[in-house]
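Heads up: the structure comes next, in structure tokens.
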Amino acid sequence: MSYEVTHSPYFQTLASENWQAGFDETTMAKAIQALEQGQLIYFPHLAFHLFPAEMPLLTTRFSTRKRKNISYNRMTDDLHGTKKTTLLEAEALQSLLSRFAEHARQLVENLFPHYQPALIWGRTSYRPVQITHRPTSYRKDDKRLHVDAFPASPNQGKRILRVFCNINPKGEDRVWRIGEPFESVAAQFLPRLKKPMLGSSRLLQLLGLTKGLRTLYDHYMLQIHDQMKADLAYQKSARQTELRFPPGSSWIVQTDHVSHAAMSGQYMLEQTFYLPVEAMQDPRLSPLRVLERKLGKELI
Ligand SMILES: O=C(O)CCC(=O)C(=O)O
Ligand SMILES: [Fe+2]
71 MSYEVTHSPY FQTLASENWQ AGFDETTMAK AIQALEQGQL IYFPHLAFHL
121 FPAEMPLLTT RFSTRKRKNI SYNRMTDDLH GTKKTTLLEA EALQSLLSRF
171 AEHARQLVEN LFPHYQPALI WGRTSYRPVQ ITHRPTSYRK DDKRLHVDAF
221 PASPNQGKRI LRVFCNINPK GEDRVWRIGE PFESVAAQFL PRLKKPMLGS
271 SRLLQLLGLT KGLRTLYDHY MLQIHDQMKA DLAYQKSARQ TELRFPPGSS
321 WIVQTDHVSH AAMSGQYMLE QTFYLPVEAM QDPRLSPLRV LERKLGKELI
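For any residue, its number in the numbering used here is found by taking its place in the sequence shown, counting from 1, and adding 70.
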């Protein structure tokens, strides 16, 4: 499998049609470099096929108003965020999501063998709800440019690596905006950020509000996430471009340093992985190291 010629600063294109496909050395070397430098890896022809019996799962019927995702834990086989599912439907969702999780992992391990020993499972998600129909607070509004940071699940510096696949059955694109590089985001927002209150991380953990300790890194990333979304002038004026992902396409991106916004679309699958910074080919490119350099101190 090799590269198609693209001239976008935002993504590299791979012509792969198969989740198990192997990649040649040059392609792997280019892909890891592109990913770590903040580009998306885009697969225009990598579709995830549903079995005919799974087609009825393409419905919003299982979604609750509160949650944008139906989420699945590959390690425990637990399904969350569904309502009114029969046992059979729940099993069908589990089977679909576990198949997607395995495919996504295979793809990442084949394309980035360097990450394979250190790759950590995160959640698998199914997003049946139309983005434009989702009422949310500004913090949860993914239609605004942001880098990912999760309030309840501090990742303590680890990279967030996600595989997305548009499975819309009606030909509808998933439409994103991609913003400026992390270095520029950090340079703009760091001067506005406040230090955490003394003891607040321990308190959050004690109260069960965070799973694990919210490190200084998590604190600053969360503030960058919130401040980006809160700043409507920034949303308009930041350098950005629109990317459209048609049904039957997939993409990989490290959403903790690629500024992104999801503008419209319905029916998508997503797999999250976490990666320790030391497992990167060039850890200096991580948001953790960028912020540490800019602030002149250790953050985890
Ligand atoms: O639902 C999408 O297309 C992406 C939303 C988003 O910002 C994310 O998953 O990090
Ligand atoms: Fe996001």
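Ideal Cβ placement from N, Cα and C applies to all residues, glycine included.
The beta carbon of residue 212 sits closer than 8 angstroms to at least one heavy atom of ligand 2. Ligand 2 has no heavy atom closer than 8 angstroms to the beta-carbon of residue 188. Look at residue 280 here: in three-state DSSP terms it is coil, with no helix or strand label. Annotation: residue 370 to residue 230 spans about 16 angstroms, alpha carbon to alpha carbon. Sorting 203, 295 and 361 by C-alpha distance to the C-alpha of residue 209 places 295 at the top. In the three-state DSSP reduction, residue 345 falls in the strand class (E or B). By the neighbour-count criterion, in which a residue is buried when 16 or more other Cβ atoms sit within 10 angstroms of its Cβ, residue 214 is buried. Inter-residue distance for residue 265 and residue 292 is about 12 angstroms (C-alpha atoms, whole angstroms). Residue 300 is classed as exposed because its beta carbon has fewer than 16 other beta carbons within 10 Å across all chains shown. Counting only the Cα atoms, residue 112 lies some 6 angstroms from residue 81.
Scanning 91, 99 and 160 for the CA closest to the CA of residue 131 turns up 160. Residues of the same chain with a CB within less than 7 angstroms of the CB of residue 117, apart from the 5 flanking positions on each side, are 318 in chain order. With a contact defined as Cβ atoms closer than 8 angstroms, residue 170 and residue 341 qualify at about 7 angstroms.
Taking non-hydrogen atoms of ligand 2 into account, the C-beta of residue 327 is found less than 8 angstroms away from none of them. The continuous beta strand (DSSP E) containing residue 113 extends over residues 110-113. Exclusion of the five residues before and after residue 297 leaves 259, 262 and 263 as the residues of its chain whose Cβ lies within less than 8 angstroms of its Cβ.
Nearest in C-alpha terms to residue 204, of all of 363, 163 and 335, is 335. Residue 234 sits buried, since 16 or more C-beta atoms from the chains shown fall within 10 Å of its C-beta. Taking C-beta atoms as the reference points, residue 194 and residue 168 count as a pair closer than 9 angstroms.
Per the Cβ contact rule, the region 176-191 is in contact with the region 98-111 (3 or more Cβ pairs under 8 angstroms). At a Cβ-Cβ threshold of 9 angstroms, residue 248 and residue 338 do not count as neighbours.
The residues 127, 132, 140, 142, 149, 152, 155 and 196, in chain order, have a CB closer than 8 angstroms to that of residue 163 in the same chain once the five nearest residues on each side in sequence are set aside.
Ranking 219, 138, 271 and 178 by CA distance to the CA of residue 98 puts 178 first.
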